[in-house]
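Notes follow the structure.
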Amino acid sequence: MRSLFLKIFLSFWVALALSLTLAILLTAAMRPTRQISAVEALQPKLLADAVQAYEKGGAEQMRDYLHGLHESQRVHAILFVDGKSAAGHPAPPWFTEVARGERAPANTLRGRLSPHFQMLSASMESNGHHYTLVTELPPGENALFGPHGIPGLGLLIAILSSGLVCYLLARFLTSPITRLRNATHKLASGDLSARAGHGDSRGQDEVSQLIRDFDQMAEQIEKLVGAQSRLLKDISHELRSPLARLSVALELARQRAGADAQGVLDRISLESDRMNDLIGNLTTIARLDSGSGSIRKVEVRLEEFVEEVARDADFEAQPRQCRVECEVMDELPVVG
7 MRSLFLKIFL SFWVALALSL TLAILLTAAM RPTRQISAVE ALQPKLLADA VQAYEKGGAE
67 QMRDYLHGLH ESQRVHAILF VDGKSAAGHP APPWFTEVAR GERAPANTLR GRLSPHFQML
127 SASMESNGHH YTLVTELPPG ENALFGPHGI PGLGLLIAIL SSGLVCYLLA RFLTSPITRL
187 RNATHKLASG DLSARAGHGD SRGQDEVSQL IRDFDQMAEQ IEKLVGAQSR LLKDISHELR
247 SPLARLSVAL ELARQRAGAD AQGVLDRISL ESDRMNDLIG NLTTIARLDS GSGSIRKVEV
307 RLEEFVEEVA RDADFEAQPR QCRVECEVMD ELPVVG
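Here the sequence shown is numbered in the numbering used here, starting from 7 and rising by one per residue.
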């Protein structure tokens, strides 16, 4: 994982999901619901009343009693006599399993973790018979499996909710870093006005302080580069005026000087033109630094450049009674 956002998001989500799952499991395992506790407390009385109805009025009176219990308490109960349903017809298999001890009741750890059929049972002996009342609680109130016994619904809702919270938290933590990264790229590409704070980095945490430091650095760089650009423009402007006057003086000197001085005057004119070219280059550099220009590659003849350097050296060597000559054998074009 190369993304800091994904690292933070998945780490928080997994940790929170595991914590929620463990908390729900412990809650379901260690604390029965109020409904289980209430029905469990009534089980002995319900069993005694059901046995009394069965012994006095048979299966029909017992069925009437259990039907009334279902209407009033919303619980479904079946009475077993010596392991068989007292109603005279086969009971649902999960009732029979609880009566035989094959399924854990709701007042045990295993029973509370069951997604379906929260069951309770109570037994007694009467008149030589073994009676067992198995009660099925109404659906709901299971935090692990959600309402109506839907498997995993409560846990799924908890995990999705924690995922949303972790996503918002990870986005909150990484968005300043993303802004800082984007501003860094803009600054590196020449946009000196790029800032990462956008006026909302007033926090006192380390990331907010880093953003403020970056913005201060970018502002200082923008000021320094702007001052340098203005200096180059000012120098170019200030140098052009004396060079213009020098050109006028040079033309006046040509008119008054003799033929012997024309070579020296031509050299002065050449150097003056070079100074103008250098000033133009300074202006071009300032324009490129401000981002308002572009570099265009052209072909440069290196042999011409070398010959020009040799002529300059020959002129400088004349007072020493020396000569500098250059003989170029091949053409050397370079694009740059």
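Glycine is no exception: its CB is placed at the ideal position from the N, C-alpha and C atoms.
Q) Alpha carbon to alpha carbon, what distance is there between M223 and G203? A) 12 Å
Q) Considering only residues of the region 255–317, which uninterrupted alpha helix (DSSP H) runs meet the minimum length of 4 residues and lie entirely inside it, listed in chain order? A) 268–295
Q: Give the C-beta separation of M125 and V140 to the nearest angstrom, bearing in mind that I take them to be a contact with Cβ-Cβ under 8 Å.
A: 6 Å
Q. Quick one: what does DSSP say A202 is sitting in, helix, strand or coil?
A. Residue state, collapsed to three classes: coil.
Q: Output the distance between the C-alpha atoms of V334 and E313, rounded to the nearest integer angstrom.
A: 8 Å
**Q.** Where the alpha helix (DSSP H) containing E103 begins and where it ends
**A.** From DSSP, the alpha helix (DSSP H) with E103 extends over 99–105.
Q.
Tell me which residues share the same chain as L176 and place their Cβ nearer than 6 Å to its Cβ, disregarding the 5 neighbours each side in the sequence.
A. Checking the sequence, you will find Ala at residue 176 rather than Leu. For A176, where only same-chain residues beyond five positions count, the Cβ hits under 6 Å are F11, I14, F15.
Q. Are the CB atoms of S168 and L22 nearer to each other than 9 Å?
A. yes
Q) Around the Cβ of C172, are there at least 16 other Cβ atoms within 10 angstroms (buried) or fewer (exposed)? A) So C172 ends up on the buried side.
Q | C-alpha gap between R302 and M281, whole angstroms | A | Between R302 and M281, the C-alpha separation is close to 22 Å.
Q | H76 versus A105: straight-line alpha-carbon distance, rounded | A | 19 Å
Q: Check whether the region 269–284 touches the region 239–255, counting contact only when three or more Cβ pairs, one atom from each stretch, lie closer than 8 Å.
A: yes
Q) From G155 to A97, what distance separates their C-alpha atoms? A) Residue confidence is low: G155 scores 47 on pLDDT, short of 50, so the model does not pin down where it sits. Its coordinate-derived value is still stated next. One C-alpha to the other measures close to 21 Å.
(Q) Tell me the rounded alpha-carbon separation between G196 and Q215. (A) 24 Å
Q. What does a CB cutoff of less than 6 Å around E331 pick up in its chain, not counting 5 residues either side in sequence?
A. none
Q) P339 lies in the beta strand (DSSP E); which residues open and close that run? A) 339–341
Q | Rounded separation between T289 and R185 - CA only | A | 34 Å
(Q) Please state whether the Cβ-Cβ distance between Q67 and A54 is less than 9 Å. (A) no
**Q.** Coarse secondary structure for F151, derived from DSSP in three states
**A.** Only weak support exists for where F151 lies, its pLDDT of 48 falling under 50; the value from the coordinates is given anyway. Three-state result, F151: coil.
Q: Report buried or exposed for A255, applying the criterion of at least 16 other Cβ atoms within 10 angstroms of its Cβ.
A: exposed
Q. Helix, strand or coil: how does DSSP classify A56 here?
A. helix
(Q) I'd like to know whether the C-beta atoms of A194 and S235 end up nearer to each other than 9 Å. (A) no
Q: Measure the alpha-carbon distance for G264 versus D272 and round it to whole angstroms.
A: 13 Å
(Q) Pop quiz: R307 and D320 are said to be a contact at Cβ under 8 Å. What is the actual Cβ separation, rounded to whole angstroms? (A) Going by Cβ atoms, the distance from R307 to D320 rounds to 19 Å, so no, they are not a contact pair.
Q.
Contact defined as beta carbons within less than 8 Å: I believe A65 pairs with L72. What is the distance between those atoms, to the nearest angstrom?
A. The pair is not a contact, with the Cβ atoms about 10 Å apart (cut-off 8 Å).
Q: Tell me where the beta strand (DSSP E) around M335 begins and ends.
A: Where M335 is concerned, there is no enclosing beta strand (DSSP E), given that its DSSP letter is neither H nor E.
**Q.** Coarse secondary structure for V140, derived from DSSP in three states
**A.** strand
Q: Taking only the alpha-carbon atoms, compute the straight-line gap between Q327 and D336 and give it to the nearest angstrom.
A: 29 Å
Q: Kindly identify the DSSP beta-bridge partner or partners of I84.
A: V140
Q: Look at the Cβ atom of D219, then the Cβ atom of R201, and state whether they are nearer than 9 Å.
A: No; because the gap between Cβ atoms is not below 9 Å, this pair is not in contact.
Q | Reduced DSSP secondary structure (H/G/I, E/B, other) of A128 | A | strand
Q: In angstroms with no decimal places, state the Cα-to-Cα distance between A47 and L85.
A: 17 Å
**Q.** Cβ distance (whole Å) where V57 is taken to contact S127 below 8 Å
**A.** About 14 Å; that fails the 8 Å criterion.
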